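Participant: Below you will find the structure I want to go over with you.
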Amino acid sequence: MQGGQSMKQRYSLASLVKNAFSHHEGWAQALPSAEPRESYDVVIVGGGGHGLATAYYLAKELQVGSVAVVERGWIGGGNTGRNTTIVRSNYLWDQSAALYEHGLKLWENLSHELNYNVMFSQRGVMNLAHNQNDLRALSRRINANRLNGVDSEFLDAQGVKDFCPVIDLRGNGRYPVLGASLQRRGGTARHDAVAWGYARAAAEYGVDIVQTCPVEGFEIKDGRVTAVRTARGRIAAKKVGIAAAGHSSVLAQMAGVQLPIQSLPLQALVSEPVKPIIDCVVMSSAVHAYVSQSDKGELVIGAGVDRYIGYGQRGSIPVTEETLAAICELFPLFRRLRMLRMWGGIVDTCPDASPIISKTPVEGLFINCGWGTGGFKATPGSGHVFAHTIARNEPHRLAEPFRLDRFVTGFTIDEHGAAAVAH
Ligand code: FAD
Ligand code: PYC
């Protein structure tokens, strides 16, 4: 039963016909929206995929008591709804491969797990090599991936052409294609669906999803977090997890915690929709551009990060021009397409291009951030290990290397090469 109606009443032919002519009146709300209560056992700040997934696993697997997700805008309105949805796990270092592969395995069953179609499509992700240096770096990463049980293979130039016939291997002379790495299990998903699916499933386990509720500060007593202050009042909490992507350092600072994070705009754009023309994902870190095709037919194209710190969630003509110039050199066929829209998101980047999943110096306050240009793929894995870290008060085995204090100990995990769009 939902909204007082049985499934049969909600989905009968008569009700479908009636709703078709009645501007959808009387429909039960698909996503629950809660008013904030006075206190919770755990409050998660940020209703993006990572925050929602964290709440879902906390409620489903960890019996931590009451849980709320507090989102300043609407769920999925941050980077979750702004990214280009590439999912893969072909990172260089053992620690990253283990973390991202954990995520990829969860992706493979996610629609079933959430009873929500997240449209995960394992169409293959290619990373191109344009020179001898690229070839060496890719070979090293492919070997490392295979040692870690991550599927990864090398394609020579002809292999690239066979896998993606619309590519022009000459790259207009500027970006000749010499080969590529291919992760066949990589692909794309529907970004909004990931937020909606986790939100609905979390709510079914009793999580309150509170939207339009910006967090403005934290109450800390004797070194321990006791509440979050929001624009809609104080919410007491025994534990707080921050998963606020582009605003992580702003939020951490409210609790007196300094993060080694820079927030940078990252832009993307889509073309007008066309018939299926490219059925894989193609990325080039050298070109700082990448492309795939959405199920609607739009080409989804992205750029490298803007070269300045900023909080603007907009696109800009110079970045679009530079990106499209490179894309058109690799795919001359796309030259005649018109672009429909462009946008930006704010990505929080760490000096080693790896995330932070960690306790903080404030007791009861946990942080999940620094995913930079590549956190969408990690959404299920990140939420899963962060939930365990919060519930158990100690890092999940896979999260352990991503502690905040690695920037003090020096045990950083440099993933700039695998971060795809460099930052
Ligand atoms: P978000 O979805 O941004 O969630 C954080 C939430 O916190 C937001 O909803 C925000 O409103 C909320 N918040 C902020 N401040 C407050 C506050 N004070 N109070 C309450 N709530 C607050 N990654 C990939 O793996 N593959 C890709 O192809 C890819 N492409 C990308 C393309 C672009 C253009 C961009 C911008 C990013 C891309 N990424 C990609 C990165 C990816 O989007 C992010 O790493 C990931 O979505 C972060 O998820 P999140 O849930 O932490 O963030
Ligand atoms: O991490 O694979 C990635 C990615 C692609 C585009 C932006 N991020």
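Take 137 as the starting number for the sequence shown in our numbering and just add one per residue. No residue lacks a Cβ here, since even glycine has one placed at the ideal position from N, Cα and C. Model, not experiment: these values are computed from the prediction.
(1) My guess is that Arg224 and Gly322 are in contact by the Cβ rule of under 8 Å, so how many angstroms apart are they, rounded?
(2) I'd like to confirm the pairing. Which residues does DSSP put opposite Glu289 in its beta bridges?
(3) Looking at the structure shown, is Glu174 part of a helix, part of a strand, or coil, going by DSSP?
(4) Buried or exposed for Asp442, please, with buried defined as at least 16 other CB atoms from any protein chain shown within 10 angstroms of its CB.
(5) Taking 8 Å as the line, does the beta carbon of Gly260 fall inside it for any heavy atom of the ligand PYC?
(6) Among Leu283, Val179, Thr216, Gln231, which residue has its Cα nearest to the Cα of Phe547?
(7) In whole angstroms, what separates the C-alpha of Cys349 from that of Val206?
(8) Mark Asn308 as exposed unless 16 or more other C-beta atoms lie within 10 angstroms of its C-beta, in which case mark it buried.
(9) Go ahead and label Gly162 buried or exposed: buried means 16 or more other beta carbons lie within 10 angstroms of its beta carbon, across all protein chains shown.
(10) Mind checking who Gly129 pairs with in its DSSP beta bridge?
(11) Using only the heavy atoms of the ligand FAD, determine whether one of them is closer than 8 Å to the beta carbon of Lys513.
(12) Could you give the residue range of the alpha helix (DSSP H) that holds Ala273?
(13) When the Cα of Glu475 is compared with those of Asn215, Ile437, Pro468, which residue comes out closest?
(14) Could you have a look at Tyr236 and say whether DSSP puts it in helix, strand or coil?
(15) I'd like to confirm the pairing. Which residues does DSSP put opposite Glu352 in its beta bridges?
(16) The alpha helix (DSSP H) spanning Thr456 covers which residue range?
(17) Give a yes or no on contact between the region 355-366 and the region 464-478, applying the rule of three or more CB pairs nearer than 8 Å.
(18) If Glu434 sits next to Ser407, beta carbons under 8 Å apart, how far is it from one beta carbon to the other, in whole angstroms?
(19) Identify whether Ile397 lies in helix, strand or coil by the three-state DSSP scheme.
(20) Between which two residues does the beta strand (DSSP E) harbouring Phe512 extend?
(21) Could you pull the start and end residues of the alpha helix (DSSP H) that Tyr311 belongs to?
(22) Tell me which same chain residues have a C-beta within less than 6 Å of the C-beta of Ala234, skipping the five on either side of it?
(23) Provide the residue span of the alpha helix (DSSP H) that contains Asn155, from first to last.
Facilitator: Let me lay it out:
(1) 3 Å between Cβ atoms; contact.
(2) Leu318
(3) Coil.
(4) buried
(5) no
(6) Ranking Leu283, Val179, Thr216, Gln231 by Cα distance to Phe547 puts Gln231 first.
(7) Rounded to the nearest angstrom, the two C-alpha atoms are 6 Å apart.
(8) exposed
(9) Exposed, since its Cβ has fewer than 16 Cβ neighbours within 10 Å.
(10) In this structure the chain extends from 137 to 559, so residue 129 is not present and cannot be described.
(11) Within the chosen limit of 8 Å, the ligand FAD reaches the beta carbon of Lys513 through at least one heavy atom.
(12) 268-283
(13) Looking at the sequence provided, one finds Met at residue 475 rather than Glu. Considering only alpha carbons, the answer is Ile437.
(14) helix
(15) Note: Glu352 sits in no beta bridge, so no partner.
(16) 453-466
(17) no
(18) 6 Å
(19) coil
(20) From DSSP, Phe512 is part of no beta strand (DSSP E); its letter is neither H nor E.
(21) Here Tyr311 belongs to no alpha helix (DSSP H), and DSSP marks it neither H nor E.
(22) Leu534
(23) 149-156
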